[in-house]
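Undergrad: If you scroll down you'll find the structure; I have some questions about it.
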Amino acid sequence: MLPDGYRSVGGSSFADLLASQAPEMMPGAAGAASGELAGVAHGTTIVAATFADGVVMAGDRRATMGNVIAQRDIQKVFPTDEYSCVGIAGTAGIAIEMTRLFQVELEHYEKIEGATLSTDGKANRLATLIRGNLGMAMQGLAVVPLFAAYDLDQQCGRIFAFDVTGNKNEERTFHSVGSGSTFARGSLKKLYTEGMDERSAVTAVIQALYDAADDDTATGGPDLTRRIFPLVSVITADGYRAWDEAETAAVADAVIGGRMTRPDGPSAPLT
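Each residue of the sequence shown is one higher than the last, beginning at 20 in our numbering.
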């Protein structure tokens with residue numbers, strides 16, 4: 020026999036159901052004991068840019084723990100449904116838990132309502148989850164994701180940025196979050212052009228991650244020795260698609276090759 024909470028009529032939010040029935044399973048519910056923050060892994064830089072047919076998102080692969088590299092091949096970009104994805108920056112463990120909950124939240128809504136949540140609705144649901152982590156953020160365990168989606172109604176790629184309070188802002192062209200975001204955005208200011216094609220957009224975000232890694236020790240650049248490259252995802256009218264690793268490696272190799280003669284990178288979009 021199911022408990023009463025599972026048999027009562029509720030809303031379409033799985034997060035609300037989880038918070039009421041099993042709050043200990045919410046992201047960050049375990050709390051953080053004083054002095055433990057030095058042993059917590061953090062994800063770093065995520066970049067996203069719109070292009071003619073949709074939106075591209077990429078993340079470096081490094082996770083840090085203080086001044087130590089905790090992991091060299093962490094995954095920071097996750098599909099959340101057929102037409103959206105999230106890139107995580109901040110406290111890695113809580114961010115990944117929040118992303119998984121967000122994935123279930125969108126699937127739960129679709130099953131309960133019989134319709135897919137709108138792009139703005141998805142961004143609002145993610146903002147609510149981030150706001151729910153505010154207490155942990157005040158303890159130093161902040162999560163600052165970047166959300167990208169292809170809007171079937173508007174027929175374009177869209178990017179949403181958030182702060183630790185859940186405040187949501189739409190970015191029309193490109194954006195970056197994480198410790199290397201200042202350098203990545205500066206790079207994209209030079210390289211981004213409206214209406215660029217998919218490959219040009221992918222090249223631009225990899226260039227931006229390279230620039231971020233060049234100036235930010237917490238951001239990992241392409242690792243040629245281990246053949247570890249940024250994770251790249253593209254969302255178009257055909258849905259979410261992770262870029263093939265071999266294709267990403269080819270673009271990264273070309274970017275690094277260009278830096279051999281021009282260390283500061285190109286000042287105009289590559290075609």
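Backbone N, C-alpha and C define an ideal beta-carbon position, used for all residues, glycine too. Since the model is a prediction, treat every value here as computed from it, not as a measurement.
Taking all protein chains shown into account, decide if Gly87 is buried (16 or more other Cβ within 10 angstroms of its Cβ) or exposed.
TA: Reading off the sequence shown, one finds Val at residue 87, where the question assumed Gly. Exposed, because fewer than 16 other Cβ atoms sit within 10 Å of the Cβ of Val87.
Undergrad: What's the gap between the Cα of Leu56 and the Cα of Gly199?
TA: A caution first: Leu56 carries a pLDDT of 49, below 50, which makes its placement in the model too unreliable to give a value.
Undergrad: Is there contact between the segment 112 to 120 and the segment 145 to 162, where contact requires at least three CB pairs shorter than 8 Å?
TA: Touching, yes.
Undergrad: Less than 8 Å between the beta carbons of Asp182 and Thr138, yes or no?
TA: Cβ atoms of Asp182 and Thr138: not closer than 8 Å.
Undergrad: In the DSSP assignment, what are the bridge partners of His127?
TA: In the DSSP output, where bridge partners are listed per residue, His127 has none listed.
Undergrad: Please classify Leu228: does DSSP put it in a helix, a strand, or coil?
TA: The answer is helix: DSSP assigns Leu228 an H, G or I state.
Undergrad: Buried or exposed: where does Leu136 fall if 16 or more other Cβ atoms within 10 Å of its Cβ makes it buried?
TA: Its Cβ being crowded by 16 or more others within 10 Å, Leu136 is buried.
Undergrad: In the DSSP assignment, find the beta strand (DSSP E) that holds Phe202 and state where it starts and stops.
TA: That residue, Phe202, is in no beta strand (DSSP E); its alpha helix (DSSP H) goes 200 to 210.
Undergrad: Compute the Euclidean distance between the alpha carbons of Ile275 and Val221, then round it to the nearest angstrom.
TA: Taking the straight line from one Cα to the other gives about 14 Å.
Undergrad: Where are the beta strand (DSSP E) runs, 3 residues long or more, that stay fully inside the segment 79 to 112, in chain order?
TA: Runs found: 82 to 84, 87 to 90, 96 to 100, 103 to 106.
Undergrad: Are there three or more Cβ pairs, one per stretch, closer than 8 Å when the segment 268 to 285 is compared with the segment 116 to 124?
TA: Touching, no.
Undergrad: Which residue from Arg177, Thr238, Asp230 puts its Cα closest to that of Met76?
TA: Considering only alpha carbons, the answer is Arg177.
Undergrad: So Tyr163 is in the beta strand (DSSP E); what residue range does that whole segment cover?
TA: Tyr is not the amino acid found at residue 163; the sequence shown has Val there. Taken as a continuous stretch (DSSP letters only), Val163 belongs to no beta strand (DSSP E), as it is neither H nor E.
Undergrad: Could you check if Leu243 is buried or exposed, using at least 16 other CB atoms within 10 Å of its CB as the buried criterion?
TA: Classification for Leu243: exposed.
Undergrad: So, is the C-beta of Pro164 closer than 8 Å to a C-beta in chain C?
TA: Although the question refers to chain C, the structure presented lacks it and comprises just one protein chain.
Undergrad: Alpha carbon to alpha carbon, how far is Ala156 from Val162?
TA: Cα-Cα distance, rounded: 7 Å.
Undergrad: Given a cut-off of 8 Å, decide if Ile107 and Ala168 are closer than it, judged by their beta-carbon atoms.
TA: Contact: no.
Undergrad: Is Asn188 helix, strand or coil by DSSP?
TA: In this structure, Asn188 counts as strand in the three-state DSSP scheme.
Undergrad: In the DSSP output, which residue or residues are listed as bridge partners for Arg177?
TA: Note: Arg177 sits in a beta bridge opposite Ala168.
Undergrad: With a CB to CB cut of under 7 Å and the five nearest residues on each side skipped, what residues in its chain are close to Thr184?
TA: Contacts found: Arg150, Leu153.
Undergrad: Which class does Leu56 belong to by DSSP, given the choice of helix, strand or coil?
TA: Residue placement at Leu56 is flagged as unreliable, the pLDDT there being 49, under the threshold of 50; a coordinate-derived value is accordingly withheld.
Undergrad: According to DSSP, is Arg260 helix, strand or coil?
TA: Reduced to three states, the DSSP call for Arg260 is strand.
Undergrad: Could you check the C-alpha separation between Lys209 and Ala82 for me, to the nearest Å?
TA: Whole-angstrom Cα-Cα distance: 27 Å.
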